[in-house]
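Asker: Just dropping this structure here.
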Amino acid sequence: MSCRLLAAAGFLLLSLTAAAGTLPVQRIADDVYLIPGVVADAAPANRGRVVNTGFIVGTDGVIVVDSGANHGHGEAILATVASVTGKPVALLINTHPHPQNVLGNSAFAARGIPIMATAATIVAMRTRCPDCLRSLERSVGAEAMAATRIQLPDLVAGSEVRQVAGRRLTLLHAGHGHTEGDLALFDAASGVLFAGDLVYRGQVPHLSESDTAGWLASLQPLRDLPIRTLVPGRGPLGAAADLAPTGRYLAQLRQRVAAAYRDGRSADEAIALAELPEFSAWQGYAERHGRNVQHVYFEIERDDLNGRGKARQ
Ligand SMILES: [Zn+2]
-8 MSCRLLAAAG FLLLSLTAAA GTLPVQRIAD DVYLIPGVVA DAAPANRGRV
42 VNTGFIVGTD GVIVVDSGAN HGHGEAILAT VASVTGKPVA LLINTHPHPQ
92 NVLGNSAFAA RGIPIMATAA TIVAMRTRCP DCLRSLERSV GAEAMAATRI
142 QLPDLVAGSE VRQVAGRRLT LLHAGHGHTE GDLALFDAAS GVLFAGDLVY
192 RGQVPHLSES DTAGWLASLQ PLRDLPIRTL VPGRGPLGAA ADLAPTGRYL
242 AQLRQRVAAA YRDGRSADEA IALAELPEFS AWQGYAERHG RNVQHVYFEI
292 ERDDLNGRGK ARQ
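What follows is the structure, given as structure tokens:
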């Protein structure tokens, strides 16, 4: 009875102490599992395992969402899947081209598992992953990155509905948001949304590859889904209402930086003018918020200059 109640609540913790080679895993809905990332920036202590990954067990196969930060992480995700079900992995989906999400691909490719992502993710991986791999190696150390090689996805996805292993999956790609290739995944049977890094919880978003106006637009179609459980790219499990804070952070950031820009302030001056106390307790605020202010400042400046350019034509 108590198990059924916990399962109904959707937060049944299968194993707090993972068996050797596997990772802690939570059953979050019928046949849907979360492998929580560590709430931190990539560092030797966490081996780069800082993003949420997960999997859906279908009738005759498993769909895995994101492959982790390196070959060893991908192997650990596969071992975790095998500890839960004997069904084969039918498909790996990469939500976007950030190294912590895709550099475990080689472990899946070694088993002949097809890998799917948006066309923009594949292009970005081809362009950036060599640098990303070296950069992540500097953050987590060479030992954690051992055997890691860049494996591009072999299947292209867009916004569409697909039946995979008996599950009806809604894939959503609304253009350039957190990155150019964001793909969110909604599982109709469970009502679970894997949002990728379009949604952060309790952490300041990384904007290095972002178009913040596009990101805000990308959140809109997610709000229209009948979400019962939200898996953010980073941070704890949530519900539909937890889509909101990421959007609020981006909107307030854009508003404050635009005001500083209009007042003729420099990008450096804008940092002090765009403090956002509502979010100052989020992980990474001290490290990233100032950089995010500068990123948005240059977006606004670029749009302004482009607008002037058009007006002159
Ligand atoms: Zn990301």
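Following our numbering, the numbering of the sequence shown begins with -8 at its first residue and continues without gaps.
Every residue, glycine too, gets a C-beta built ideally from N, C-alpha and C.
On a CA-only basis, which of G187, V155, L143 is nearest L163? Give me that one, please.
Answerer: Cα-wise, what sits closest to L163 is G187.
Asker: DSSP three-state call for G281: helix, strand or coil?
Answerer: Residue state, collapsed to three classes: helix.
Asker: How would you write the range of the beta strand (DSSP E) that T161 sits in, first residue to last?
Answerer: Where T161 is concerned, the enclosing beta strand (DSSP E) stretches over 158 to 163.
Asker: So the candidates are A263, A70, V30; which of them puts its Cα closest to the Cα of L332?
Answerer: Look at the range of the chain in this structure, -8 to 304, and you will see that residue 332 is not part of it.
Asker: For ligand 1, I want to know if D188 counts as a neighbour, meaning its beta carbon is within less than 6 Å of at least one of the ligand's heavy atoms.
Answerer: Within the cutoff, so yes.
Asker: Among the residues of its own chain, which have a CB less than 6 Å from the CB of Q304, if the five just before and after it don't count?
Answerer: Caution applies to Q304, whose pLDDT of 35 falls short of 50 and renders its modelled position unreliable; the value that the coordinates give is listed next. Same-chain partners within the cutoff: there are none.
Asker: When DSSP labels each residue in this structure, what does I47 get in the three-state scheme?
Answerer: Strand, per DSSP.
Asker: Do H89 and ligand 1 come close, with the Cβ less than 6 Å from some heavy atom?
Answerer: Checking the Cβ of H89 against ligand 1 gives yes.
Asker: Put Q154 into one of helix, strand or coil per three-state DSSP.
Answerer: The answer is strand: DSSP assigns Q154 an E or B state.
Asker: Exposed or buried, R253, counting other C-beta atoms within 10 Å across all chains shown (16 or more means buried)?
Answerer: Flag for R253 reads exposed.
Asker: Looking at the structure shown, is R18 part of a helix, part of a strand, or coil, going by DSSP?
Answerer: Correct three-state label for R18: strand.
Asker: Could I get the ranges of all uninterrupted alpha helix (DSSP H) runs contained in the stretch 54 to 136, with 4 residues as the minimum, in chain order?
Answerer: Within the stretch 54 to 136, the complete alpha helix (DSSP H) runs of at least 4 residues are 62 to 75, 90 to 93, 96 to 100, 110 to 131.
Asker: In three-state terms, what does DSSP make of L184?
Answerer: Of the three classes helix, strand and coil, the one that applies to L184 here is strand, per DSSP.
Asker: Reducing DSSP to helix, strand and coil, say where T170 ends up.
Answerer: Correct three-state label for T170: coil.
Asker: If you draw a straight line from the alpha carbon of T203 to that of E171, how long is it in whole angstroms?
Answerer: Cα to Cα, the separation comes out at about 11 Å.
Asker: Leaving out five residues before and five after V248 in sequence, what residues of the same chain have Cβ atoms less than 7 Å from its Cβ?
Answerer: Once the five neighbours on either side are set aside, the close Cβ partners of V248 are A261, A265, V284, V287, Y288, I291.
Asker: Counting pairs of beta carbons, one from the stretch 140 to 149 and one from the stretch 97 to 116, are three or more of them closer than 8 Å?
Answerer: Output reads yes: the stretch 97 to 116 touches the stretch 140 to 149.
Asker: Nearest to H64 by CA position, among V53, N37, L82, is which residue?
Answerer: Nearest option by C-alpha distance: N37.
Asker: Would you report the Cα separation of D57 and L244, rounded to the nearest angstrom?
Answerer: If I take the Cα positions, the gap works out to 28 Å.
Asker: Restricting to Cα atoms, I'd like to know which of R219, A133, W273, V23 is closest to T237.
Answerer: Taking only the C-alpha atoms, the option nearest T237 is W273.
Asker: How far does the beta strand (DSSP E) with Y24 in it extend, from its first residue to its last?
Answerer: Here the beta strand (DSSP E) through Y24 covers 23 to 26.
Asker: Find out if the Cβ-Cβ distance for the pair N96, V42 is shorter than 7 Å.
Answerer: Cβ distance not < 7 Å, so N96 and V42 don't count as in contact.
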